[in-house]
Amino acid sequence: FIPREIPEECFDFNRHIPDNYDITAVFDSSEKYRLIEEYCFGCFQEMEDGRLLFKRGFTNLNVAMDWFLGFGDRVEILEPIEMRALIKEKIKKMSERYQS
C-alpha cells in the first residue's frame, strides 16, 4: 500500500454537497442531549423559556423532514414556511392511516 496525497479541496464537504435548505426549529429542552450528540455543542441557542433554537442547513429536504419528524411533538419547524406545510400534510396522511 502506497499512501497518496489528497488535495485539500477534497476535505471541503460543503463544496461537493451544499446545504440547500436553511431550517429553523424550536426543540423542547428534553432534546438537548440528542442535538448535542448529533450536531455537537453550540448547535442551538437556549431560549428564555428553556426551549432550544436550532438553525441548520440541510442538503436534502426529505431527509431533513424525516429527521425532524423523528422528534414527534418535541419540535416545531419555524422556517421555511414551505416545510411547515409539507410536514403538516405528512402528519395528516399519517393520522388518516391510523383512523381505523
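Just so you know, the sequence shown maps onto residues 33 to 132 in the working numbering. C-beta: ideal position from N, C-alpha, C; glycine also.
Going by C-alpha positions, S132 is about 29 Å away from A96.
Ranked by how close their Cα comes to the Cα of S61, the residues I119, D105, E121, K124 have D105 in first place. I55 is bridged by DSSP to R88.
Burial state of A57 is buried, judged by a 10 Å Cβ sphere holding 16 or more other Cβ atoms. Note that the C-beta distance between L85 and F76 is below 8 Å.
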